[in-house]
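Just below is one structure, and these are the notes that go with it.
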Amino acid sequence: MTNPQPEEAPDPGPNTGLLLYLPYRAMEARVFEALHQAGFADLTLAQARVFQRVGAQGTRLTALAEQARITKQTAAVLVQALEDAGYVYRIADPLDGRARLVCVADRGAAAVAAAARTVQAVEDEWRGHLGAASYNRLRTTLLRLREVTDPYADRQ
């Protein structure tokens with residue numbers, strides 16, 4: 001009796017996580033290139049990952065560390081560098097005088113605006129590539145997926 005060869009399963013292609021990651025990295029690269037061209041070349045990727053989590057009313061260092069999934073010590077070093085470069089400043093937390101809030105400074109707001117323009121341009125390109133209906137379905141689906149993947153979604 002011969003052993004039949006098992007039928008090979010068709011290649012499913014890249015996993016969904018990778019398919020989500022690749023556009024994110026492409027967006028991130030475009031944003032960083034635009035920031036560098038706009039005069040924010042001193043902003044590092046590590047700093048940006050903390051900086052993008054600073055809320056409109058300020059955010060405690062411990063919350064920044066938690067959301068960026070880094071240690072409080074690493075967050076402190078990155079926030080200090082951001083402060084030294086003029087992207088953020090710190091104030092006493094009005095709810096707890098022992099704590100301090102990290103707030104976006106004028107230079108930081110200018111960087112945020114430059115990044116937002118680039119994000120919009122990239123999203124417009126993606127919308128053009130996919131077509132408006134497919135792009136809108138993609139966003140709707142990703143927002144639903146965020147409900148079960150982003151523990152900070154309700155804070156933003």
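Quick note: the sequence shown, position 90, residue 90 per UniProt numbering, numbers continuous. Cβ coordinates follow ideal geometry from the N, Cα and C atoms, glycine included.
Problem - Alpha-carbon to alpha-carbon, G97 and Y135 - result: When rounded, the distance between both Cα atoms is 46 Å.
Practice task
Quick one: residues in its chain with C-beta nearer than 6 Å to the C-beta of T59, no 5 flanking neighbours on either side, listed in chain order?
Solution key: The answer, listed in chain order, is V102.
Practice task
Pull up the CB-CB distance for R100 and R90, whole angstroms please, since I reckon it's below 8 Å.
Solution key: Yes, they are in contact, since the Cβ atoms of R100 and R90 sit about 5 Å apart, within 8 Å.
Handout entry: Reduced DSSP secondary structure (H/G/I, E/B, other) of R53
Key = R53: coil per DSSP, three-state reduction.
Handout entry: Inter-stretch contact (C-beta, 8 Å, three-pair minimum) for the region 62–71 and the region 19–26
Key = Not touching, per the Cβ criterion.
Problem - A85 beta carbon less than 8 Å from that of V50 - result: Not a contact, by the Cβ cut-off of 8 Å.
Exercise for the section: Would you list, in sequence order, the uninterrupted beta strand (DSSP E) runs of no fewer than 3 residues that lie entirely inside the region 98–152? Expected result: The DSSP assignment places no complete run of the beta strand (DSSP E) inside the region 98–152 (cut-off: 3 residues).
Exercise for the section: With distances taken Cα to Cα, identify the nearest neighbour of D93 among R30, D42, A63 and A111. Expected result: Comparing Cα positions, the closest option is A63.
Exercise for the section: Can you tell me which of the three DSSP states T59 falls into? Expected result: In this structure, DSSP gives T59 an extended state, which the three-state scheme calls strand.
Exercise for the section: Kindly indicate which residue of A34, D11, G55 and P10 has the alpha-carbon position closest to the one of A116. Expected result: That would be A34, whose Cα lies nearest to the Cα of A116.
Handout entry: Whether F40 touches A114 by CB criterion (8 Å)
Key = Yes, the pair counts as a contact, with Cβ atoms nearer than the cut-off.
Problem - Exposure of Y87, with buried meaning 16 or more beta-carbon neighbours within 10 Å - result: The residue is buried, with at least 16 neighbouring Cβ atoms inside 10 Å.
Problem - DSSP beta-bridge partners of R90 - result: DSSP, once it has assigned bridges, lists V102 as partnering R90.
Practice task
Pick out whichever of L82, T71, R146 and A121 has its Cα sitting closest to the Cα of E28.
Solution key: It is A121 whose Cα lies nearest to the Cα of E28.
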